[in-house]
Amino acid sequence: MDNRQIAAIFARMADILDIQGENPHRIMAYRRAAENIAALSRPLEEIWRAGELDSIPGIGKTLAEKIDELMRTGRLEAYEKLRAQVPDGVVEMLQVPDVGPRKAALFWKELGITSIAELEEAARAGKLRSLPGMGVRSEEKVLAGIEALKRRSGRIPLGTAWELARALLEPLRELPGVVQAAPAGSLRRMRETVGDLDLLVAAEDPEPVMARFRSLPQVAEVLLSGTTKTSIRTHDGYQADLRVLPPARWGTALQYFTGSQAHNIRLRGLAQDRGLSLSEYAIKREDGTEILCATEEEVYAALGLPLIPPELREDRGEIEAALAGRLPDLLELSDLQGDFQFHTTLSDGRASLWEMAQAAHAAGLKYAVVSDHSRGLGVAHGAGPEELRRQRAEVEEVNRRMGGTFRVLTGVEVEVRADGSLDLPDEVLAELDIVVAAVHSGLRQPREQFTARAIAALRHPHVDILAHPTGRLLGQREGADVDMEAVLRAAAETGKAVEINAHPWRLDLNDVGIRRAIELGVLLAISSDSHDPEDFGLLHFGVAMARRGWASPAHILNTRSAEEVLAWTRRS
DNA sequence: GCCGTTTTCGGCCCGACTGTTTTCAGTCG
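Per our numbering, the first sequence starts with residue 10, numbered consecutively.
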């Protein structure tokens, strides 16, 4: 049983208990446990074997016993009992927007509805409106929610959300009276996917801002609109929430709406300990007087904390670290001196080596590794030994023309075959500065086989970096089923680096993997994987993932100079 | 169900918006 499965069981138990109207704090305890387990960087099974379950926040005696039962037997009696009491379809109704535990229970108990399909049928037949607390409007909202659920393609990949937020905020920023405008929520925390957009504007008069927001061309539907909050759905089916607050309250507002919810709950607890109450509007003293915070620094300072960077705000130990004065010295984009992957027209890139080198230099880098695909990746017109030799000559020429201001390092993104071997001869690989090994095919191989392939690549003497270790494409393709713990241990043992692919469709290794890699002493290499001169601008997404994984400059290969990197490749 | 030098019991974050209500429950974040 892996962490995700066990987290899913506890989350499901919370949903069932919620529908049953259980004690909300007991429900919260299950939810919190599920979230903390999902966020663990170590396998839960390892923690269980070591008898250290009580070290996980939110896991007490009872839940530890339940984990023990799951690990030993693969089953959980309490879970099976709960599932027998509430049909799965009733729990699934919670996915419908505006249907919560109370209404799901109402529909089930009063009308015997046990699936979303039955719910839709009942709503169309006008059977919901006569239920207590319901009406025609509520019935319409249920139908609209079901429609939205059908359209919903899941969470928004970070890169898409980033661009959409920029497009929605730009026109608001230009309005008179708007002092600040910024994304908040999981987008500001740079989670790999974003549920919906949280946008924040500081202005004394909210109404003109709300009006402009409602009239933006991207808006398909206004879901709700009040004096402080407006929610819309875009034509692409994404939801965006805009909040407008006075500039003097910007700090509390930005802090609050950045979240995460778990982080904020902890912060409110700290406020209570100090006799304070924290909300998006202000910090309130017990006598009712307000402390206004125009910056987030002031909010954290009032609670006796240094500013915690948004990427860390997940209640994954950052509050304890902040209290102890041990927040990590997080990596910054400006720490990067180089990039470990870009492509040219030799394979599937869209620009020449010269154009790419200039773009990388313009992006502030001092060096970059040209890493065209090897021949094995047919779709990308991969390069063979002869093409790579010719490219080496071209690299020398480009480096000469750059006049010492920038250096291209020779390299390749060599294909790892299904059996774990590489599709270029050793003598070709030996001539290159950097060898990046990548798996692009056979992602559906069984876990053991895929893991063995990745480890074989890491053990190859000429390989320096393992690229995008799961091969996932966010929102399009699941990554391979891989024993990441084993792969990271192999990287640690061989002294090889693992890639953080910065492309917003990949973000692979992800934040949890990065944090574990750092714990195991694995070096990480951030790659833009640029196929176009503009793509070097994507590196900040990779930096964001590294920050979410608590990375400092020392953990990241890119912070070293080209000479230091070359010295590292000559490691024994 | 978790958690704790102010507690091993009694707390557990806070507010907006909507719809069905006449003072509030439900949902969401």
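Using N, Cα and C, we set each Cβ at its ideal position, and we do this for glycine too.
All values reported here derive from a predicted model rather than from experimental measurement.
Query                                                                                                                                                                                             : Result
Taking all protein chains shown into account, decide if serine 537 is buried (16 or more other Cβ within 10 angstroms of its Cβ) or exposed.                                                      : buried
May I have the straight-line CA-CA distance separating leucine 321 from leucine 276, to the nearest angstrom?                                                                                     : 13 Å
Please go through the same chain and pick out, in chain order, the residues whose beta-carbon is closer than 7 Å to the beta-carbon of serine 581, but skip the five residues on each side of it. : Interpretation of serine 581 is limited by its pLDDT of 49, a score under 50 that renders its predicted location unreliable; no figure is taken from the coordinates.
Can you tell me where the beta strand (DSSP E) holding phenylalanine 415 begins and where it ends?                                                                                                : From DSSP, phenylalanine 415 is part of no beta strand (DSSP E); its letter is neither H nor E.
Considering only residues of the stretch 503-536, which uninterrupted beta strand (DSSP E) runs meet the minimum length of 3 residues and lie entirely inside it, listed in chain order?          : 506-510, 532-536
Closer than 8 Å is the cut-off here; do at least three beta carbon pairs connect the stretch 354-364 with the stretch 517-530?                                                                    : no
Could you check which residue in Gly326, Ala439, Ala331 has the C-alpha nearest to that of leucine 316?                                                                                           : Ala331
Out of Ile535, Ala257, Thr71, state which residue places its alpha-carbon closest to the alpha-carbon of aspartate 343.                                                                           : Correcting the residue type first, residue 343 is serine in the shown sequence and not aspartate. Closest by alpha carbon: Ile535.
Tell me the residue span of the beta strand (DSSP E) that contains leucine 225.                                                                                                                   : Premise fails: leucine 225 is in no beta strand (DSSP E) and is neither H nor E.
If you measure between the beta carbons of glycine 246 and alanine 114, is that distance less than 8 Å?                                                                                           : no
Taking only three categories from DSSP, how would you classify alanine 190?                                                                                                                       : strand
Nearest by alpha-carbon distance to tryptophan 514: which of Glu543, Glu55, Arg498, Leu547 is it?                                                                                                 : Leu547
Keeping to the same chain, check which residues put their C-beta closer than 7 Å to that of asparagine 12; ignore five residues upstream and five downstream.                                     : Ile46, Ala47, Leu49, Pro52, Leu53
Do the stretch 495-508 and the stretch 186-199 meet, that is, are 3 or more Cβ pairs less than 8 Å apart?                                                                                         : no
So, under 8 Å CB-CB, threonine 267 and arginine 197 are touching, yes? Tell me the CB distance rounded to an integer number of Å.                                                                 : 5 Å
From Thr414, Gly420, Lys375, pick the residue whose C-alpha is nearest to that of alanine 392; which is it?                                                                                       : Gly420
Please tell me whether isoleucine 155 and valine 105 are closer than 8 Å, where the distance is taken between their beta carbons.                                                                 : yes
To the nearest whole angstrom, what separates the beta carbons of valine 417 and alanine 372, a pair I think is in contact under 8 Å?                                                             : 14 Å between Cβ atoms; not a contact.
So, are the CB atoms of phenylalanine 349 and lysine 375 less than 8 Å apart?                                                                                                                     : no
Around the Cβ of aspartate 520, are there at least 16 other Cβ atoms within 10 angstroms (buried) or fewer (exposed)?                                                                             : buried
I want to know whether the stretch 559-569 touches the stretch 72-90 - three or more CB-CB distances under 8 Å.                                                                                   : no
Anyone know if the C-beta pair for phenylalanine 222 and leucine 263 falls short of 8 Å?                                                                                                          : no
In or out: glutamine 270 buried (at least 16 other Cβ within 10 Å) or exposed?                                                                                                                    : exposed
Along the beta strand (DSSP E) that carries glutamine 14, what are the first and last residues, could you check?                                                                                  : Glutamine 14 -> not in any beta strand (DSSP E); alpha helix (DSSP H) instead, spanning 12-28.
Please determine, among Leu314, Gly135, Leu345, the residue with the shortest C-alpha to C-alpha distance to arginine 335.                                                                        : Leu314
On the three-state DSSP scale, how would you describe serine 343?                                                                                                                                 : helix
Out of Gly60, Phe459, Gly163, Ala576, which has the shortest C-alpha to C-alpha gap to leucine 483?                                                                                               : Gly163
Could I get the ranges of all uninterrupted alpha helix (DSSP H) runs contained in the stretch 292-356, with 4 residues as the minimum, in chain order?                                           : 305-311, 327-332
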